Structures are given as C-alpha cells and as structure tokens.
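Everything on this sheet refers to the single structure shown next.
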Amino acid sequence: MIPEEQQDQAALYALGLLEPDEAAAFESQLSANAELRDMTRELREAAGSVAFTAPLRTPPASLKERIMREIANEAAERKVVPLQRRPLGWVPWAIAAALAIFCGLLAVDRIRLKRQLAALRGVDQLMQTTFFTLAPSAPAPADAKATVAWEPGNQSGVIRISNLPAPQPGKDYQLWAVDTEHKDPISAGIIRVDKNGGAQVRFKPVENAQHVKAFAISLEREGGVQKKEGPILFVGSS
Amino acid sequence: MIQEPSQQIADRAIMARVVQGDQSAFRALYDRLADPLYSLACKMLGDEVEAQDAMQDVFVQMWRRAGSYDPEQSSVFTWAILLTRSRIIDRLRARGRRLRVVAASADQEDIPITAGDASVAESAADISSRNESAMRVRTIMANLPAEQREAIELAFFGDLTHHEVAERLGEPLGTVKARIRRGLLKLRERMET
Numbered sequence: 001m002i003p004e005e006q007q008d009q010a011a012l013y014a015l016g017l018l019e020p021d022e023a024a025a026f027e028s029q030l031s032a033n034a035e036l037r038d039m040t041r042e043l044r045e046a047a048g049s050v051a052f053t054a055p056l057r058t059p060p061a062s063l064k065e066r067i068m069r070e071i072a073n074e075a076a077e078r079k080v081v082p083l084q085r086r087p088l089g090w091v092p093w094a095i096a097a098a099l100a101i102f103c104g105l106l107a108v109d110r111i112r113l114k115r116q117l118a119a120l121r122g123v124d125q126l127m128q129t130t131f132f133t134l135a136p137s138a139p140a141p142a143d144a145k146a147t148v149a150w151e152p153g154n155q156s157g158v159i160r161i162s163n164l165p166a167p168q169p170g171k172d173y174q175l176w177a178v179d180t181e182h183k184d185p186i187s188a189g190i191i192r193v194d195k196n197g198g199a200q201v202r203f204k205p206v207e208n209a210q211h212v213k214a215f216a217i218s219l220e221r222e223g224g225v226q227k228k229e230g231p232i233l234f235v236g237s238s
Numbered sequence: 239m240i241q242e243p244s245q246q247i248a249d250r251a252i253m254a255r256v257v258q259g260d261q262s263a264f265r266a267l268y269d270r271l272a273d274p275l276y277s278l279a280c281k282m283l284g285d286e287v288e289a290q291d292a293m294q295d296v297f298v299q300m301w302r303r304a305g306s307y308d309p310e311q312s313s314v315f316t317w318a319i320l321l322t323r324s325r326i327i328d329r330l331r332a333r334g335r336r337l338r339v340v341a342a343s344a345d346q347e348d349i350p351i352t353a354g355d356a357s358v359a360e361s362a363a364d365i366s367s368r369n370e371s372a373m374r375v376r377t378i379m380a381n382l383p384a385e386q387r388e389a390i391e392l393a394f395f396g397d398l399t400h401h402e403v404a405e406r407l408g409e410p411l412g413t414v415k416a417r418i419r420r421g422l423l424k425l426r427e428r429m430e431t
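Protein chains in written order, with our numbering: chain A, 1 to 238; chain B, 239 to 431.
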C-alpha cells in the first residue's frame, strides 16, 4: 500500500506541479518502487485525459501542410548524401592507408597522454572534481543543457550552458550552490549567455561551501539577489 | 483507460515508424492527435492564431523527440498532451503572461468534428471513438465533487505550482493536495470501469 503522502506527490507529479527539486526527489523514489511507478503512470493517464474537457476545436487544413513542410525540410537536412561510385579503384586503398597511418599516430599520442596523466594524477585538482548535470525545467527550454565541474579544494568551478535563450530585459540567470551546511542556497554569481544561448564561466560561491550536494540556476532580478527569489530553471546533483 | 487498447496499440505502431523517420506515419499521427492537442492549445492560450503556432512547435518537437517516447511511462496520447501542455506553459512564461484560468468553459462552444473536414484523415470510427472518450471524461469530471474538479482544472490548465493553486483557492496546501489526489484517483477509477 502506498502511503497517502506519497500518493499526493504522485498526483502532483502527474500534473507537473512539483518544484524541480521536489520532482527530482520523487523520481528517485519512483526508480526504487514498482508499485509507485504503476500508480504514477495511471495518474498520468488520468491527468492527460483532463485535456478532453477543453472545448473541441479542429485546426485549419493549412496547419497540417505547414507542419509537414517543416518536417520534410528537417528530414532532408538529416539525410546523408550517398557516395557516388566512380571508376577510381585506388581511392579506397589510399584512404585505408591514410587511416592506418593516422591510427598509428593516435596510438603514439595516446601513450604519451597516458604518461602525462599518470604524472599529474597525484597533484591535479581535476582528480577531486565533481561533475553535476543540471536538468532543465520550465521556463527553461527542454533542450537546454547545463553542467558544472566543481572543485571543492579550490572552492570554484566551471559551468557550461547551451541552448538557453537570454533572459528578458531586467532579468539575469543566477547560479546557486546547495550546501548541506547552509540553510539557504549560496549565490555563485550571475551567468550571462551569448547570442547562441551558450556560456562557459568560471565561478566562485560567495561563501565557503564544503558540502555541496546540488547546483541550481534561477531567473532573478537584473544584477542578482542575495537570497533566491525567482523560479528555478535548472537543478541537479552529482 | 481513456483510449481503447486497440487505439493505443495503433498509436505505438505509428510512433515506431515515426522514430524511423517515416513522414507518412507522422502524417497519420497528426491526424490522430491534432484535434485534442489544438483544443488544449486554444483553451490555454485563448487565441487560435497563437494556438496554431504552438501546434507547429509541438509537432516539430514530437518529430525530433519521437525517439525519447517511453511506452512504459505513458500512452502516446498522454505523452503528446503533456508535451503540448509543457510547451504552452513555456510560451506563456516566456511572454511574461499568466493564464487566466477559466473554471467553467461555458463561454466557448464546442465545434463538432466531422469526417468531411479537410484536415482530418481519420476513419469515422476513430472520430466517433475519440468523441465518445471526450464525452466520457467530461461526464466523469462533471460528476466529481466541485472542489476536486476545480482544483484539478486549475492545476491542469493553469501555469501554477501546487503552492500557487492553494493560494489561488485560498485553502491550506494539504487540503488542495488531497483534493487533487482524490479527484485524479476517482477519474482513473471511473475511466477504467
């Protein structure tokens, strides 16, 4: 029997009402509980059916053609142009020989890099680096990505973002470190994305954070805030 | 279950072909889903032109993300509905708008679906089945206790968290959670009978 509190969470999750951190916590429960998974699936189906209460509308025929044209264009871009057969029988052999030489060079380079890595292993901070993958949630686009490489020894890290449009005027994206020793998330600064929706920034939290369990990005007032106010766009643990 | 098992099987077969890049299968998927998704978009956005833009965005996403569809998690129909809802909420938030949730939709008249419509290539049986499903859900929803129905509709059609739903209804959070849970469980039970 699933406890009522967990059933509440399942219903809210099915309707997409949980905050990102709550949803992440619930998903970890889902992965360990088959009965809860079944119930959540059924509740999700029930939630989806609520759409049927919207007054019925039929889209214009032109919309279908518009969409199919775009799909056709995308499909054409995906297609790989096949190589044409030409009477140049030596070309494949030349390519194979070049590849063999190239592979040999790569093998030598790999051995050299392995030696360098072994030499650095004892001292390099990279060995202490923890990686966090941050999951997007609305209003961040579903295909937006953010990853954090965190070096606790240096109390600094690097965040890399892609596919995140610039915020509306008067707003900024702000990075937060969630540390178990601190009541509130610790600000790690403002993140500005370029025109392509990307960013790669080194950051340092404003307070010492020795027990970071997650990072999050929120949408805040321009210039940032001391304590999180706006909606969470990304959150993720290591 | 909102869809007949045969419809769900057909939807999954179509999705399997869409994943392979089959455009004719995608056309069939459009025919099966366009009306309910468009109805949802119109209800949430309150503007048919904007709803059409949202539909284009949603269907292109479905084409791109067909491979991420997991039949273990939901039916194709529910996957599409929840994707549409999510994309519409993105649009509403991106424009800094908040949805005016309409508790009762009596001001919007239903436009009956007819087999002769140019955009609908489904069989008359499919259309009939879908209309029956819609009718059944509406009947079930209408028979839910008003406070449960109100909480579910506000939660589903509104761009709100559960805290905001509670605030909007002026009720404690625990009460609202329980109403949503009980309402959804009843909806699920009655759909299965």
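Note that the Cβ used here is the ideal one computed from N, Cα and C, for glycine as well. Computed from a prediction, not measured in an experiment: that's the story for all the values here.
Item checked: First through last residue of the beta strand (DSSP E) which encompasses B/Y276 -> Per DSSP, B/Y276 belongs to no beta strand (DSSP E); it is in the alpha helix (DSSP H), Q261 to L283.
Margin query: Cutting at 7 Å between CB atoms, please list the residues of its own chain near A/Q226, excluding the five before and the five after it.
Written below: S187
Item checked: Check whether A/G224 and A/D172 have beta carbons under 7 Å apart -> yes
Note to self: Check whether the region 275-290 of chain B and the region 248-255 of chain B are in contact - that is, three or more C-beta pairs closer than 8 Å.
What the structure shows: no
Item checked: Alpha-carbon spacing of A/M68 relative to B/E427, whole angstroms -> 38 Å
Notebook entry, point to check: Is it true that the region 271-278 of chain B meets the region 292-308 of chain B, where meeting means three or more beta-carbon pairs spaced less than 8 Å apart?
Noted result: In short, these stretches touch, since the Cβ pair count reaches three.
Next item on the list: Give every residue of the same chain whose Cβ lies closer than 6 Å to the Cβ of B/S357, excluding the five residues on either side of it in the sequence, and list them in chain order.
Entry: In this prediction, B/S357 has a pLDDT of 38, which is less than 50 and means its spatial position is unreliable; what the coordinates show is noted afterwards. So the list is empty, once near-sequence residues are dropped.
Notebook entry, point to check: Using 7 Å as the limit for Cβ to Cβ distance, is A/V91 near chain B?
Noted result: no
Note to self: Please tell me whether A/L15 and B/F315 are closer than 7 Å, where the distance is taken between their beta carbons.
What the structure shows: no
Note to self: Using beta carbons (cut-off 7 Å, strictly below), is A/F234 in contact with chain B?
What the structure shows: no
Notebook entry, point to check: So what does DSSP say about A/K195, is it helix, strand or coil?
Noted result: coil
Next item on the list: Might you give, ordered along the chain, the residues of its own chain that have their beta carbon closer than 7 Å to the beta carbon of B/R406, omitting 5 neighbours on each side?
Entry: L392 and L398
Next item on the list: Determine the burial state of B/H400: buried for a count of at least 16 other Cβ atoms within 10 Å of its Cβ, exposed for fewer.
Entry: buried
Notebook entry, point to check: Is there contact here, the region 375-389 of chain B with the region 414-431 of chain B, by at least three beta-carbon pairs under 8 Å?
Noted result: yes
Notebook entry, point to check: Is A/V193 near the ligand GDP, going by C-beta to nearest heavy atom under 6 Å?
Noted result: Ligands displayed in this structure: none; no statement on the ligand GDP is therefore possible.
Item checked: chain B contact for A/S49 (CB, 7 Å cutoff) -> yes
Item checked: Neighbourhood of B/M300 by C-beta, 7 Å cutoff - its chain only, sequence neighbours within 5 removed -> A distance below 7 Å between beta-carbons, with the five flanking residues on each side excluded, links B/M300 to the following residues of its chain, in chain order: A318 and L321.
Note to self: Suppose contacts are defined by Cβ-Cβ distances below 7 Å. Is A/K213 in contact with A/P185 by that definition?
What the structure shows: Contact: no.
Notebook entry, point to check: Straight-line CA distance for A/P205 to A/T133?
Noted result: 18 Å
Notebook entry, point to check: If you draw a straight line from the alpha carbon of B/I247 to that of B/N369, how long is it in whole angstroms?
Noted result: 19 Å
Next item on the list: Rank A/A51, A/M1, A/W90 and A/P167 by C-alpha distance to the C-alpha of A/R37 and give the top, closest one.
Entry: The shortest C-alpha separation from A/R37 is found at A/M1.
Next item on the list: Please list, in chain order, all residues of the same chain as B/R303 whose beta carbon is under 7 Å from its beta carbon, the five residues on each side excluded.
Entry: none
Next item on the list: Drop a sphere of 10 angstroms on the beta-carbon of A/K114, count the other beta-carbons inside from all chains shown, and report buried for 16 or more, exposed for fewer.
Entry: exposed
Next item on the list: Taking all protein chains shown into account, decide if B/T198 is buried (16 or more other Cβ within 10 angstroms of its Cβ) or exposed.
Entry: A query on residue 198 of chain B cannot be resolved here, the shown segment of chain B reaching from 239 to 431 and no further.
Note to self: For a test of the three-state rule: what should DSSP assign to A/A177, helix, strand or coil?
What the structure shows: strand
Margin query: Mapping the DSSP letters down to three states, classify B/S432 as helix, strand or coil.
Written below: The requested residue 432 of chain B is not part of the displayed model; chain B covers only 239 to 431.
Check: Who are the neighbours of B/Q311 on chain A, taking C-beta pairs under 8 Å?
Finding: R41 and R44
Note to self: Assess contact between the region 154-169 of chain A and the region 255-267 of chain B, defined as three or more Cβ pairs (one per stretch) separated by less than 8 Å. Is contact present?
What the structure shows: no
Check: Could you check where the beta strand (DSSP E) with A/V158 kicks off and where it finishes?
Finding: S156 to S162
Margin query: Tell me the rounded alpha-carbon separation between B/K415 and A/E74.
Written below: 43 Å
Checklist line | Distance between B/R419 and A/Q7 (C-alpha atoms, nearest Å) | finding: 7 Å
Check: alpha helix (DSSP H) containing A/T133: first to last residue?
Finding: Counting along the chain, A/T133 falls outside any alpha helix (DSSP H), though it belongs to the beta strand (DSSP E) covering T130 to P136.
Next item on the list: State the Cα-Cα distance for the pair A/A96 and A/V108, rounded to the nearest angstrom.
Entry: Cα to Cα, the separation comes out at about 19 Å.
Check: Would the beta-carbon of A/P167 fall within 7 Å of that of A/L233?
Finding: Not a contact, by the Cβ cut-off of 7 Å.
Next item on the list: Measure the alpha-carbon distance for A/Q200 versus A/A216 and round it to whole angstroms.
Entry: Straight across, the Cα-Cα distance linking A/Q200 with A/A216 is about 15 Å.
Margin query: Among the candidates B/D269, B/V403, B/M379 and B/R417, whose CA atom is the shortest distance from the CA of A/L63?
Written below: B/D269
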